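Here's the structure, in structure tokens; my notes come after.
Residue numbers (the working numbering): 766 to 1021.
Shown next, in the form of structure tokens:
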């Protein structure tokens, strides 16, 4: 069943996109705000809708939620904070660039050092602004991008053979048999060497018994490293699987 949206409204969190990886509805501008501070997020939303009521805005306050929103809504523009409670906004940037490099990403950082700007640009960001003195400029840029008044730059992320991600398991059964098997299926699709660290142990991401030996439960923080030509895609797939709680359903809840 398709989720109905009104102009200027936020799409239902549970909506599931059935479009292709980069397809978007004709005439519809979807913008994702990724910001951990709920008050500041509301302020950004109000500023955007004040002059552009036709922008369809979705929101996220964590890396995991941002990735789910991206997968569900395929935004053409992202207004992105870097400091998030469960990781770096750069993880969201990498996921967006690996999925759809036509997506325009506008970083809104607490501090924008030259090193940080360079890293953001290398990862594929189009603009980097500071919250303290350039919020208005960031919002105007986001509005123009969403209204197709501003074209996506030709900048592409710099290929990197080694990719890392720090993820928190939020599914009820952690890396027990079924989630571990789903993780194994995901890792085996890639040529990259994949290692998963957790609870003081390191596992080969393509070895089920080693994954199970991590004894990773709900709430465990795992570090994933992928090395190879398809490392970006491998990390993206694993990050998406973790964000979606390994597709656990009511029938997969552990027995009492």
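Where a beta carbon is used, it is the ideal one built from N, C-alpha and C, also for glycine.
Remember, predicted model here, so these are calculated numbers, not experimental data.
Just mark residue 1002 as buried or exposed, buried being the case when its beta carbon has 16 or more other beta carbons within 10 Å. buried
Which one of 814, 851 and 837 has the shortest CA to CA distance from residue 826? 851
Identify every run of the alpha helix (DSSP H) within the segment 815-896, keeping only runs that are complete inside it and at least 4 residues long; order them along the chain. 828-838, 854-864 and 879-888
Counting pairs of beta carbons, one from the segment 850-868 and one from the segment 831-840, are three or more of them closer than 8 Å? With a cut-off of 8 Å on Cβ pairs, the segment 850-868 is in contact with the segment 831-840, counting three or more such pairs.
If you follow the beta strand (DSSP E) that residue 940 is part of, which residue opens it and which one closes it? Premise fails: residue 940 is in no beta strand (DSSP E) and is neither H nor E.
Would residue 844 and residue 899 qualify as a contact pair, given that the criterion is a beta-carbon distance under 8 Å? no
Just to confirm the assignment, what range does the beta strand (DSSP E) spanning residue 988 have? First-last of the beta strand (DSSP E) with residue 988: 986-992.
State the DSSP-derived secondary structure class of residue 975, mapped to helix, strand or coil. helix
Three or more C-beta pairs below 8 Å linking the segment 987-995 and the segment 928-938: With the rule of 3 Cβ pairs closer than 8 Å, the segment 987-995 counts as touching the segment 928-938.
For chain C, find out if any of its Cβ atoms is closer than 8 Å to the Cβ of residue 966; answer yes or no. Looking for chain C here will not work: only one protein chain is present.
In terms of residue numbering, what span does the alpha helix (DSSP H) encompassing residue 1006 cover? Residues 996-1008.
DSSP-derived helix/strand/coil call for residue 772: Because residue 772 carries a pLDDT of 39, less than 50, the predicted location of this residue cannot be relied on, and no value is offered for it.
What is the DSSP secondary structure of residue 956, counted as helix, strand or coil? coil
Using CA atoms only, rank isn't needed, just tell me which of 975, 950, 953 and 951 is closest to residue 962. Among 975, 950, 953 and 951, the Cα nearest to that of residue 962 is on 975.
Mapping the DSSP letters down to three states, classify residue 969 as helix, strand or coil. strand
Please report the Cβ distance between residue 951 and residue 977, rounded to the nearest whole angstrom; I am assuming they are in contact, meaning their Cβ atoms lie under 8 Å. Contact between residue 951 and residue 977 does not hold, since the beta-carbon distance rounds to 15 Å and is not under 8 Å.
Quick check on this structure: which residue in 964, 875 and 835 has the alpha carbon closest to the alpha carbon of residue 856? 835
With respect to 7 Å, is the separation between the Cβ of residue 807 and the closest non-hydrogen atom of the ligand GTP below this value? No copy of the ligand GTP appears in this structure; indeed no ligand is present at all.
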